[in-house]
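First up is the structure itself, then whatever we jot down about it.
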Amino acid sequence: MVNGERKSVLAYPMARLLDVLREEMHLTGTKEGCGEGECGACAVLLNGAIVNSCLIPAVEADGTDIRTIEGIATGEQLHAVQSAFLECGGAQCGICTPGMVIAAVALLSRHAHPGDAEIREGLAGNLCRCTGYQKIFAAVVRACELNGETTPEKR
Amino acid sequence: MRAYIPAYELRIPGSLTEALALLAREPGVWQPFAGGTDLMVLLEAGKLSHKRFLNLSKLGDLQGIEVTSDSVIVGALTTYSEIQRHPLLQSEFPLLCAAARETGSIATQNRGTLGGNIANASPAADSPPALLVYDAEIELVSERGARWLRYQGFHTGYKKMQMASDELLRAIRLPRRAKSWKQYYRKVGTRKAQAISKVCLAGAALVEGGVIQDIRIALGSVAPIVLRAVKTENILRGTNITPPTIATAKDALTREITPIDDVRSTARYRLRVAQNLLEEFLLQLTK
Numbered sequence: 004m005v006n007g008e009r010k011s012v013l014a015y016p017m018a019r020l021l022d023v024l025r026e027e028m029h030l031t032g033t034k035e036g037c038g039e040g041e042c043g044a045c046a047v048l049l050n051g052a053i054v055n056s057c058l059i060p061a062v063e064a065d066g067t068d069i070r071t072i073e074g075i076a077t078g079e080q081l082h083a084v085q086s087a088f089l090e091c092g093g094a095q096c097g098i099c100t101p102g103m104v105i106a107a108v109a110l111l112s113r114h115a116h117p118g119d120a121e122i123r124e125g126l127a128g129n130l131c132r133c134t135g136y137q138k139i140f141a142a143v144v145r146a147c148e149l150n151g152e153t154t155p156e157k158r
Numbered sequence: 002m003r004a005y006i007p008a009y010e011l012r013i014p015g016s017l018t019e020a021l022a023l024l025a026r027e028p029g030v031w032q033p034f035a036g037g038t039d040l041m042v043l044l045e046a047g048k049l050s051h052k053r054f055l056n057l058s059k060l061g062d063l064q065g066i067e068v069t070s071d072s073v074i075v076g077a078l079t080t081y082s083e084i085q086r087h088p089l090l091q092s093e094f095p096l097l098c099a100a101a102r103e104t105g106s107i108a109t110q111n112r113g114t115l116g117g118n119i120a121n122a123s124p125a126a127d128s129p130p131a132l133l134v135y136d137a138e139i140e141l142v143s144e145r146g147a148r149w150l151r152y153q154g155f156h157t158g159y160k161k162m163q164m165a166s167d168e169l170l171r172a173i174r175l176p177r178r179a180k181s182w183k184q185y186y187r188k189v190g191t192r193k194a195q196a197i198s199k200v201c202l203a204g205a206a207l208v209e210g211g212v213i214q215d216i217r218i219a220l221g222s223v224a225p226i227v228l229r230a231v232k233t234e235n236i237l238r239g240t241n242i243t244p245p246t247i248a249t250a251k252d253a254l255t256r257e258i259t260p261i262d263d264v265r266s267t268a269r270y271r272l273r274v275a276q277n278l279l280e281e282f283l284l285q286l287t288k
């Protein structure tokens, strides 16, 4: 399953999930940065857990539930994390942004109200060369507030 | 140059029996593939010379954490994230949890496995110093049967280990110890997150009335293998922790480790930092 739809593609077993997503499924929102699991630009959710898609062989993605940046918004309705990134200026050149958003979504699914240390730890696997991170951290804090406004029952 | 992907085979056996049969039938042909966090990096860099891999992801026998009255048995495919989340590992084996938390990013921790960290045999691996301090044992299985051996001594040289080509690492056993042991783990890298270690030291000691009754010290990135500092331990056992003892121990440590210059650090820096970490650990024991 990719972004809620059942997909079937033919790929070599050792092909990187990153390449299958981008080249076979044309889901080019997932970016390639370092290609060695250091930068987080290719992060996706695999069965709900954040992974670097450059390190996943295609054959292991078979039968799993994958969510890429294209599946984070609900139709035209942005996810709170995406709205917060827009509002706080959390993106500049944009290459790290899809991975950052995925990491922030993964973080908020574990901690609805992360503290500064948890935000830093949650985003530690994602490198950004533009923003200096402060606006990204601010966006995560803002996303928690937005989440609080729309779903007050969430803690 | 990037790898030619069609040249690689990655087979996923559905059971341990099937996996062991394949390893026995064609020894050396199939190399185990666990979380892939190291192998996929080599692949992309065009440095993965081996071509046929056995993906272990469907082998339930290699998964899960089992707690008994005297030990904890951790399946080789247990991820760093699973280690950190386990309440008993958190309370009794904090050094292993610390190592898991400091290995790569959360995305890496969701994939990387304890067994992979051992069998990949890197001298800079983060969990082996903790495993040595905990007197871990490992279980190797093959069609010929299963055998347990002490983890200490498993690595015999750089990237060399006592494992036959038809064997798989199934589990890691950690003997449960009295809670009165004091424990220490510190990894020094270029940055706080995502770094490969320059030096890493894990230690545990039982101190009574100011005297070290028993002690374990292990270090990563200072020798061709992750190493237990047995001679330094012997010097410290039975002593009071005083400035002269600390100086003697630091001196002994320099003769026990053999750090080198490489891309991540220099021998001189590693030697000094290893001594400083030892001192920090010993001073912590006096508190």
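Protein chains in written order, with this note's numbering: chain G, 4 to 158; chain Y, 2 to 288. Think of the CB as a built atom: it goes at the ideal place given N, C-alpha and C, for glycine as much as any other residue. Model, not experiment: these values are computed from the prediction.
Could you tell me whether the Cβ of G105 (chain Y) comes closer than 8 Å to any Cβ of chain G?
Yes, G105 (chain Y) counts as interfacial toward chain G.
For the stretch 62-75 of chain Y, enumerate the residues whose C-beta is nearer than 8 Å to any C-beta of chain G, in chain order.
Answer in chain order: no residues at all.
Jot down the residue ranges of each uninterrupted beta strand (DSSP E) in the stretch 116-154 of chain G, minimum 3 residues, whole runs only, in chain order.
Positions of the beta strand (DSSP E) runs, each at least 3 residues long and wholly inside the stretch 116-154 of chain G, cannot be given because no such run exists.
Quick check on R19 (chain G): does DSSP put it in helix, strand or coil?
Secondary structure at R19 (chain G): strand, using DSSP grouped into helix, strand and coil.
If we call anything under 8 Å between Cβ atoms a contact, is L1 (chain Y) one with L90 (chain Y)?
Past the edges of chain Y, shown from 2 to 288, lies residue 1 (chain Y), and the structure says nothing about it.
Can you find a C-beta in chain G that's less than 8 Å from the C-beta of I13 (chain Y)?
For I13 (chain Y), the answer is yes, since a Cβ of chain G falls inside 8 Å of its Cβ.
Option in Y:L96, Y:R53, Y:T80 with minimal Cα separation from I66 (chain Y):
If we check each option's Cα against that of I66 (chain Y), Y:T80 comes out closest.
Q95 (chain G) to T69 (chain Y), Cα distance in whole Å?
One Cα belongs to Q95 (chain G), the other to T69 (chain Y), and the distance between them is close to 52 Å.
Would a check of beta-carbon distances place L44 (chain Y) closer than 8 Å to chain G?
L44 (chain Y) counts as touching chain G.
Using a Cβ-Cβ distance cut-off of 8 Å, determine whether I84 (chain Y) contacts chain A.
Note that chain A does not occur in the displayed structure, where the protein chains are G and Y.
Under 8 Å, Cβ to Cβ, is there at least one residue of chain G near Y186 (chain Y)?
No, its Cβ sits nowhere closer than 8 Å to a Cβ of chain G.
Identify every residue that forms a DSSP beta bridge with M164 (chain Y).
According to DSSP, which records beta bridges pairwise, M164 (chain Y) is partnered with nothing at all.
Output needed in chain order: residues of the stretch 193-210 of chain Y with a Cβ under 7 Å from some Cβ in chain G.
Correct list: A194, Q195.
Are L202 (chain Y) and R187 (chain Y) closer than 8 Å when you measure CB to CB?
Yes, the pair counts as a contact, with Cβ atoms nearer than the cut-off.
Does the stretch 192-202 of chain Y come close enough to the stretch 40-52 of chain Y to have 3 or more Cβ pairs within less than 8 Å?
Fewer than three pairs of CB atoms, one per stretch, sit closer than 8 Å, so the stretch 192-202 of chain Y makes no contact with the stretch 40-52 of chain Y.
I'd like the list of long-range same chain contacts for G102 (chain G), defined as Cβ closer than 6 Å, with 5 residues on each side in sequence excluded.
Hits under 6 Å: G43, A44, A46, N129.
Spatial distance of D65 (chain G) from I261 (chain Y) (CA atoms):
Between D65 (chain G) and I261 (chain Y), the alpha-carbon positions lie close to 43 Å from each other.
Per DSSP, S72 (chain Y) is paired with what?
Per DSSP, the beta bridge partners of S72 (chain Y) are Y:P176.
What's the call for D39 (chain Y), buried or exposed, on a 16-neighbour Cβ count within 10 Å?
Buried.
Of all the options Y:A147, Y:D252, Y:I247, Y:Y152, which has the alpha carbon lying nearest to the alpha carbon of T18 (chain Y)?
Measuring from the Cα of T18 (chain Y), the nearest candidate turns out to be Y:A147.
Grouping DSSP H, G and I as helix and E and B as strand, with all else coil, what is S82 (chain Y)?
Helix at S82 (chain Y).
In DSSP terms, what S11 (chain G) is bridged to:
The partner list for S11 (chain G) (beta bridge, DSSP) is empty, contrary to what the question assumes.
Report the neighbours of N118 (chain Y) on chain G: residues whose CB is nearer than 8 Å to its CB, in chain order.
Close to N118 (chain Y), with beta-carbon spacing below 8 Å, lies no residue of chain G; the smallest spacing is near 14 Å.
Helix, strand or coil at V84 (chain G) according to DSSP, with G and I counted as helix:
If DSSP states are grouped into helix, strand and coil, V84 (chain G) belongs with the helices.
Which whole-angstrom value describes the C-beta separation of G92 (chain G) and K138 (chain G), a residue pair presumed to lie in contact below a C-beta threshold of 8 Å?
Between the beta-carbon of G92 (chain G) and that of K138 (chain G) there is about 5 Å, and that keeps the pair under the 8 Å contact cut.
Where E27 (chain Y) and S86 (chain G) are concerned, what is the direct C-alpha to C-alpha distance, given to the nearest angstrom?
Rounded to whole angstroms, the separation of the alpha carbons of S86 (chain G) and E27 (chain Y) is 55 Å.
Can you name the residues of chain G whose CB is closer than 8 Å to the CB of M2 (chain Y)?
By Cβ distance, chain G contributes nothing, its closest Cβ being about 13 Å from M2 (chain Y), past 8 Å.
Helix or strand or just coil, what does DSSP make of R273 (chain Y)?
It is helical.
In this structure, what does DSSP give as the bridge partners for G204 (chain Y)?
According to DSSP, G204 (chain Y) bridges with Y:Y185, Y:I218.
Buried or exposed for L5 (chain Y), please, with buried defined as at least 16 other CB atoms from any protein chain shown within 10 angstroms of its CB.
For the sequence presented, residue 5 (chain Y) should be read as Tyr rather than Leu. By the neighbour-count rule (16 or more Cβ atoms within 10 Å), Y5 (chain Y) is not buried but exposed.
Report yes if the CB atom of I75 (chain G) is closer than 8 Å to the CB atom of R19 (chain G), and no otherwise.
Not closer than 8 Å, so no.
If we define contact as Cβ-Cβ less than 8 Å, is Y81 (chain Y) a contact residue for chain G?
No, Y81 (chain Y) does not count as interfacial toward chain G.
Does M41 (chain Y) come within less than 8 Å of chain G when only Cβ atoms are used?
Judged by the 8 Å Cβ criterion, M41 (chain Y) is in contact with chain G.
Endpoints, beta strand (DSSP E) assigned at E140 (chain Y)
Looking at the DSSP string, the run of the beta strand (DSSP E) that includes E140 (chain Y) is 138-143.
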